[in-house]
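Just so we're aligned, residue 150 is where the sequence shown starts under this note's numbering, counting upward by one. Heads up, the beta-carbon is just placed ideally off N, CA and C, and yes, glycines get one too. For clarity, every value in this text was computed on a predicted model and none was experimentally measured. Here's the structure we're looking at; comments come further down.
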Amino acid sequence: EPEALGLLALMVLHDARRATRDRALEEQDRGLWRRDEIDEGLALLRTALAMGRPGPYQLQAAIAALHAEAPSFAETDWVQIAMLYSQLARSAPSPIVELNRAIAFSWVEGPAFGLAMLERLAEDTDLSGYQPYHAARADLLRRAGRSEDAREAYRLALADAPNQAARELLQRRAADL
């Protein structure tokens with residue numbers, strides 16, 4: 150079953166980065182990523198895709214694979230990731246997919262573009278209690294140079310941070326403003 154393999158590939162690829170998950174993606178030391186797990190996840194994904202019935206888990210695994218294959222954050226293929234999120238949004242629409250799509254497009258088109266996508270999403274969906282929305286919005290505002298707005302968004306994100314590592318990351322980002 151290709152989707153079962155896609156899910157397994159996604160899980161293995163995410164687990165490969167476990168040692169660095171307490172950092173923002175751009176701050177992660179890729180040397181700590183488990184290359185053996187990345188290779189396993191990539192092989193599982195290739196097998197799933199070869200079956201010719203792509204689905205949401207395979208798309209998510211393909212996104213994780215692009216992150217895993219990039220030698221550095223700067224060399225990440227954000228165009229391809231944004232396109233995969235667009236495809237995922239068509240096949241399995243959800244506010245969470247749209248949030249991640251906005252983040253991906255912000256690395257392609259700039260933070261203002263990503264913010265516009267987030268604003269449209271917030272108009273269509275109540276995300277006021279969704280911590281990752283506030284964290285993503287804070288980061289995009291920071292990258293756009295809108296420090297005051299970013300501080301408020303970081304405050305909202307910190308209020309519901311899911312764990313100590315997330316709190317510390319958000320506090321570091323807010324302190325850098």
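Distance, D298 Cα to E218 Cα:
For the purposes of this step, residue 218 is identified with residue 69 of the sequence shown, where counting begins at 1. For the purposes of this step, residue 298 is identified with residue 149 of the sequence shown, where counting begins at 1. The straight-line gap from Cα to Cα measures roughly 34 Å.
Alpha-carbon spacing of L159 relative to G190, whole angstroms
Here the question's residue 159 lines up with position 10 in the sequence shown. Here the question's residue 190 lines up with position 41 in the sequence shown. So the alpha carbons of these two residues sit roughly 7 Å apart.
On the CB-based measure, 16 or more other CB atoms within 10 Å of its CB, does P260 come out buried or exposed?
Counting from 1 along the sequence shown, the entry for residue 260 is found at position 111. With 16 or more other Cβ atoms inside 10 Å of its own Cβ, P260 counts as buried.
Measuring CA to CA, which of Y206, T225, F262 is closest to P242?
The count along the sequence shown starts at 1 and reaches residue 242 at position 93. Taking only the C-alpha atoms, the option nearest P242 is Y206.
Under 8 Å between the Cβ atoms of A302 and R321?
Taking the first residue of the sequence shown as position 1, residue 302 is located at position 153. Taking the first residue of the sequence shown as position 1, residue 321 is located at position 172. No; because the gap between Cβ atoms is not below 8 Å, this pair is not in contact.
With a Cβ-Cβ cutoff of 8 Å, do Y193 and S240 count as a contact?
In the sequence shown, residue 193 corresponds to position 44, counting from 1. In the sequence shown, residue 240 corresponds to position 91, counting from 1. Looking at the sequence provided, one finds Leu at residue 193 rather than Tyr. No, the pair does not count as a contact, with Cβ atoms beyond the cut-off.
I'd like the list of long-range same chain contacts for H163, defined as Cβ closer than 7 Å, with 5 residues on each side in sequence excluded.
One-based indexing of the sequence shown puts residue 163 at position 14. Exclusion of the five residues before and after H163 leaves A213 as the residues of its chain whose Cβ lies within less than 7 Å of its Cβ.
Report the rounded CA-to-CA distance for E176 versus R195, giving the unit in angstroms.
Within the sequence shown, the letter at position 27 stands for residue 176. Within the sequence shown, the letter at position 46 stands for residue 195. Roughly 28 Å between the two C-alpha positions.
Using the Cα positions of L289 and P311, report the straight-line distance between them to the nearest angstrom.
Walking along the sequence shown from the start, residue 289 turns up at place 140. Walking along the sequence shown from the start, residue 311 turns up at place 162. Rounded to whole angstroms, L289 and P311 show a C-alpha spacing of 20 Å.
Should E247 be labelled buried (16 or more other beta-carbon atoms within 10 Å of its own) or exposed?
Within the sequence shown, residue 247 is the residue found at index 98, counting from 1. Buried: at least 16 other Cβ atoms inside 10 Å.
Under a Cβ-count criterion, where at least 16 other Cβ atoms within 10 Å of its own Cβ denotes burial, should G278 be classed as buried or exposed?
In the sequence shown, counting from the first residue as 1, residue 278 sits at position 129. It is exposed - the Cβ of G278 has fewer than 16 other Cβ atoms within 10 Å.
Can you tell me which of the three DSSP states A310 falls into?
Position 161 of the sequence shown, counted from the start, is the residue given in the question as residue 310. Here A310 sits in coil by DSSP.
Local conformation of R195 per DSSP, three classes
Locating residue 195 in the sequence shown gives position 46, where the first residue counts as 1. Helix, per DSSP.
Could you please give the first and the last residue of the uninterrupted alpha helix (DSSP H) stretch that includes G259?
As a working note, residue 259 is residue 110 in the sequence shown. Going by DSSP, G259 is part of no alpha helix (DSSP H) at all; its letter is neither H nor E.
If you draw a straight line from the C-alpha of L215 to the C-alpha of P203, how long is it?
Along the sequence shown, read from residue 1 onward, the residue named residue 215 stands at position 66. Along the sequence shown, read from residue 1 onward, the residue named residue 203 stands at position 54. Looking at the backbone, the Cα of L215 and that of P203 are separated by about 16 Å.
Just to confirm, are L276 and L270 a CB contact at a threshold of 8 Å?
Counted from its first residue, the sequence shown places residue 276 at position 127. Counted from its first residue, the sequence shown places residue 270 at position 121. Yes. Within cutoff.
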